[in-house]
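Here is the structure we will look at.
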Ligand SMILES: [Mn+2]
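Numbering (the UniProt record's numbering), first residue to last: 1 to 170.
Laid out in structure tokens, this is it:
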């Protein structure tokens with residue numbers, strides 16, 4: 001049976017256009033996990049854009065990758081964001097469980113033909129995503145990002161793990 005992590009690995013086996021988004025008025029977990037996940041996927045060769053549905057406090061701007069975040073503003077960049085979301089092949093939704101939490105972006109995400117991935121620790125996720133990591137017992141979405149990337153890195157289906165197996169066998 002395929003697990004969410006194996007489904008995600010299959011989905012992201014080739015470089016993809018990825019949009020990562022998180023909830024309205026992102027907090028440290030929302031923005032931090034989005035930027036960490038973006039960095040991880042970029043290392044794997046994906047083209048990644050983090051889009052936030054609103055601005056966020058200046059005290060979060062120190063985070064690595066902050067300069068490349070697209071902050072949605074209906075009057076400033078509606079067209080750009082709508083195009084980004086509709087062209088995405090994969091949309092990762094982090095740290096929220098229903099599309100109502102991302103304002104106008106929610107409708108754009110719903111209408112996009114991208115494969116949607118939900119990574120979240122809130123209760124009762126809305127049924128909109130194709131691959132779901134919903135773990136209400138997790139302390140933070142960042143914990144799920146760390147565990148997902150660690151599981152991925154050590155998975156036997158990753159090239160590095162396969163290479164290690166081959167080395168041991170020889
Ligand atoms: Mn949050």
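Glycine residues also receive a C-beta, built at the ideal position from the N, C-alpha and C atoms.
Since the model is a prediction, treat every value here as computed from it, not as a measurement.
Start and end residues, beta strand (DSSP E) containing residue i
i, result
"residue 202", "Because residue 202 is not part of the residues shown, which for the chain are 1 to 170, the question remains open."
"residue 117", "115-120"
"residue 137", "Taken as a continuous stretch (DSSP letters only), residue 137 belongs to no beta strand (DSSP E), as it is neither H nor E."
"residue 94", "90-94"
heavy atom of ligand 1 below 6 Å from residue i C-beta
i, result
"residue 58", "no"
"residue 29", "yes"
"residue 73", "no"
"residue 55", "no"
"residue 95", "yes"
Per-residue burial, residue i [other beta carbons within 10 Å of its own, 16 or more giving buried]
i, result
"residue 12", "buried"
"residue 23", "buried"
"residue 25", "exposed"
"residue 121", "buried"
"residue 53", "buried"
"residue 2", "exposed"
"residue 156", "Unreliable placement is indicated for residue 156, whose pLDDT of 48 sits below 50; the coordinate value is still reported in the next sentence. By the neighbour-count rule (16 or more Cβ atoms within 10 Å), residue 156 is not buried but exposed."
"residue 137", "exposed"
"residue 153", "exposed"
"residue 150", "exposed"
"residue 88", "buried"
"residue 114", "buried"
C-beta atoms of residue i and residue j nearer than 7 Å
i, j, result
"residue 141", "residue 94", "yes"
"residue 132", "residue 118", "yes"
"residue 41", "residue 63", "no"
Nearest neighbour of residue i, chosen from the options [CA to CA]
i, options, result
"residue 128", "116, 89 and 49", "116"
"residue 83", "9, 102 and 112", "112"
"residue 58", "37, 146, 3 and 31", "31"
"residue 67", "77, 78 and 50", "50"
"residue 101", "78, 88 and 125", "125"
"residue 104", "91, 90 and 81", "81"
"residue 18", "29, 5 and 44", "44"
"residue 144", "14, 9, 29 and 16", "29"
"residue 135", "149, 97, 48 and 151", "97"
"residue 72", "33, 90, 20 and 5", "20"
"residue 91", "47, 148 and 146", "47"
"residue 37", "55, 8 and 86", "8"
"residue 85", "61, 56, 106 and 60", "106"
Start and end residues, alpha helix (DSSP H) containing residue i
i, result
"residue 5", "4-11"
"residue 109", "104-111"
"residue 50", "First-last for residue 50: 47-52, but that is the beta strand (DSSP E), not the alpha helix (DSSP H)."
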